[in-house]
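First residue of the sequence shown? That's 12 in the working numbering, and the numbers climb one at a time after it. Think of the CB as a built atom: it goes at the ideal place given N, C-alpha and C, for glycine as much as any other residue.
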Amino acid sequence: MPNKYEGLFDFLVNSGSASVSTSIMFRSGLPGWLDLLIDSMRLFLWVLLNRINPFKVKFIFTRRQFEKADAVVFMHYGYFTHENIEMACKGAELAKYFANSKVKKIVHLTHYLYNPKVGADNLRTLDPDLLVAENDLKENSKYFNRYFDDVAGDFYQLPYVAGVRFDRRRAFGERVNKLGVTGSITYKLQDPEFIDFFGQGELQPMRRKLYQQRANIADQIDCLIYDLDESRRMLAEAESSGDTGQEVRAKIKALQREYYNTDIVEFFNRYTMFSVPEEVCDLPGIGFIEGMACGTAYFGIDDPMYRSIGMIPGINYVAYDGTVSGLLEKITYYQMHLDELESIANLGYQFAHEKMSKEEVYSAMLARIEELIR
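#1: In whole angstroms, what separates the C-alpha of residue 362 from that of residue 54?
#2: According to DSSP, simplified to helix, strand and coil, what is residue 203?
#3: Under the DSSP definition of a beta bridge, which residues are partnered with residue 152?
#4: Quick one: complete beta strand (DSSP E) runs, 3+ long, within the region 251-326?
#5: Going by CA-CA distance only, name the one from 109, 267, 164, 212 that's closest to residue 125.
#6: Out of 357, 65, 38, point me to the one whose CA is closest to residue 32's CA.
#7: Given this structure, state the Cα-to-Cα distance separating residue 69 from residue 23, to the nearest angstrom.
#8: Hey, residue 193 and residue 263 are a contact pair by Cβ (cut 8 Å); roughly how many whole angstroms apart?
#9: Ordered along the chain, which non-local residues of its own chain (more than five positions away) have a Cβ less than 6 Å from that of residue 47?
#10: Return the CA-CA distance between residue 10 and residue 368, expressed in angstroms with no decimal places.
#11: Does the distance from the C-beta atom of residue 321 to that of residue 366 stay below 8 Å?
#12: Determine the direct distance from the alpha carbon of residue 208 to that of residue 73, and round the result to whole angstroms.
#13: Please report the distance separating the alpha-carbon of residue 327 from that of residue 360.
#14: Have a look at residue 308 and residue 50 and give me their C-alpha separation to the nearest angstrom.
#15: What number of angstroms, rounded off, separates the C-alpha of residue 329 from the C-alpha of residue 196?
#16: Is DSSP giving residue 63 helix, strand or coil here?
#17: Given a threshold of 16 other Cβ atoms within 10 Å of its Cβ, counted over all protein chains shown, does residue 217 qualify as buried or as exposed?
#18: When you compare the region 150-169 with the region 180-190, are there three or more beta-carbon pairs, one atom per stretch, that lie closer than 8 Å?
#19: Pull the bridge partners of residue 168 from the DSSP assignment, please.
#20: Skipping 5 residues on each side, what residues in its chain have a beta carbon closer than 7 Å to that of residue 136?
#21: By a C-beta neighbour count over all protein chains shown, 10 Å radius and 16 as the cutoff for buried, is residue 272 buried or exposed?
#22: DSSP three-state call for residue 184: helix, strand or coil?
#23: What does the alpha-carbon distance come out to for the pair residue 382 and residue 123?
#24: Count the other C-beta atoms from every protein chain shown that fall within 10 angstroms of the C-beta of residue 293, then say buried if there are 16 or more, exposed otherwise.
#25: Roughly how many angstroms separate the alpha carbons of residue 324 and residue 42, rounded to a whole number?
#26: Reducing DSSP to helix, strand and coil, say where residue 364 ends up.
#27: For a test of the three-state rule: what should DSSP assign to residue 116, helix, strand or coil?
#28: What residue range does the alpha helix (DSSP H) around residue 109 cover?
#29: Residue 69 lies in the beta strand (DSSP E); which residues open and close that run?
#30: By the three-class DSSP mapping on this structure, what secondary structure does residue 359 have?
#31: For the region 17-92, list the beta strand (DSSP E) runs that are entirely contained and at least 3 residues long, ordered along the chain.
#32: How far does the alpha helix (DSSP H) with residue 335 in it extend, from its first residue to its last?
#33: Identify which residue in 45, 40, 85 has its Cα closest to the Cα of residue 30.
#34: Assuming residue 235 is part of the beta strand (DSSP E), what are its boundary residues?
#35: What's the C-alpha gap between residue 242 and residue 248?
#36: Near residue 260, what residues of its chain come up, given a Cβ to Cβ distance below 8 Å and the 5 sequence neighbours on each side ignored?
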């Protein structure tokens, strides 16, 4: 499970509802028994290294034990799809293996955009009972419905929750009156389905636009964005010219350290306003709720992914039209109307810590799972 969902896992563990499992699907005969032994040792080690109380979780090692569980949560990426087409296709075996299971199957659609035809085919085979994402993709995403419209299962919107470290460190009046923008730019997608639908391969095109224009908009926006695709291109160009690429690799590592070692809580607390531009496949970045939890006014698009969880443009966040000019226009207005901006930041802070608290969000998710298995 990716780190950004560790809060959900911790909540389930503390509620006594969590089990941890080996891969279950092993080879036959002696090789399979060796796989089980090695996988079990890895599982125990993972539990210990992550400081999980082994008495608070159940361990599942076999298919028979698995079938006694109430529900299982799969992450779509890594199980049923992948950016690598060959790895994505391997999900078909797993889907077939669990297709006839009576256990309720819940699939979190993390990175569902990669190789969507393969991923959707695997989910049709699996026949899930519940689909989960940070946005109700069945209701709100044309891209999702292009490939997944006939995949079984109800949809549940599970919002992001900010970690406990995200909080106010600095009074609003002590902050820089500019917009801080952050987020990584992932590698350009090669999937023909994605390119056919969007006409380009950028998953976060707004992040790239701001990154490329950062010098010209520095009076209004401070840019903390890391471009993974640029790093890949720099290395490829060096190697194609006959260079060993050592100097380029060192430069790339330095850029990575600068981005990933940044105190992101301090970054959010530095500014009166911030933005984490969304993915074009209708999903937000986790940073939007983390920045709000730091008492900073969030600037995002006016979209159901926010409205459906209770966010209201002009009240607890600022909505703009998704263009650079539209964002700059909003920044200019609120730089001159700090009282309005502080009110939005305060209401956003309350929203993040109260309505989007882990107790509220994860209790509702657990209740939905209990409803599913009744």
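Checking against the coordinates, here is how it stands:
#1: Cα-Cα distance, rounded: 37 Å.
#2: It is helical.
#3: Answer is none; residue 152 lacks a bridge partner.
#4: If only complete runs of 3 or more residues are kept, the region 251-326 shows the beta strand (DSSP E) at 282-286, 308-312, in order along the chain.
#5: When C-alpha distances from residue 125 are compared across 109, 267, 164, 212, the shortest belongs to 212.
#6: Taking residue 32 as reference, the option from 357, 65, 38 with the minimal CA-CA separation is 65.
#7: Looking at the two C-alpha atoms, the distance is approximately 12 Å.
#8: About 19 Å; that fails the 8 Å criterion.
#9: Contacts found: 37.
#10: No statement about residue 10 is possible, as the shown extent of the chain runs from 12 to 385 and does not include it.
#11: For the pair residue 321 and residue 366, the CB atoms are nearer than the 8 Å cut-off.
#12: Each residue's alpha carbon lies about 41 Å from the other.
#13: Rounded to whole angstroms, the separation of the alpha carbons of residue 360 and residue 327 is 8 Å.
#14: The alpha-carbon atoms of residue 308 and residue 50 are separated by roughly 46 Å.
#15: Each residue's alpha carbon lies about 23 Å from the other.
#16: DSSP, reduced to helix, strand and coil, places residue 63 outside both helices and strands of the structure shown, so it counts as coil.
#17: Per the 10 Å Cβ criterion, buried.
#18: The region 150-169, when compared against the region 180-190, does not touch it at the 8 Å Cβ threshold.
#19: Residue 168 pairs with 144.
#20: For residue 136, where only same-chain residues beyond five positions count, the Cβ hits under 7 Å are 103, 106, 107, 110.
#21: By the neighbour-count criterion, in which a residue is buried when 16 or more other Cβ atoms sit within 10 angstroms of its Cβ, residue 272 is exposed.
#22: Three-state DSSP puts residue 184 in a helix.
#23: Those two C-alpha atoms are separated by around 25 Å.
#24: Buried.
#25: Roughly 58 Å separates the two Cα atoms.
#26: The answer is helix: DSSP assigns residue 364 an H, G or I state.
#27: In this structure, residue 116 counts as strand in the three-state DSSP scheme.
#28: For residue 109, the enclosing alpha helix (DSSP H) has its first and last residue at 102-109.
#29: Residues 69-71.
#30: It is helical.
#31: Within the region 17-92, the complete beta strand (DSSP E) runs of at least 3 residues are 30-32, 69-71, 82-86.
#32: In the DSSP assignment, residue 335 falls within the alpha helix (DSSP H) that extends over 335-346.
#33: Measuring C-alpha to C-alpha distances from residue 30 to each of 45, 40, 85 identifies 85 as the nearest.
#34: Segment 232-238, the beta strand (DSSP E) holding residue 235.
#35: Distance between residue 242 and residue 248, taken at the CA atoms: about 10 Å.
#36: A distance below 8 Å between beta-carbons, with the five flanking residues on each side excluded, links residue 260 to the following residues of its chain, in chain order: 246.
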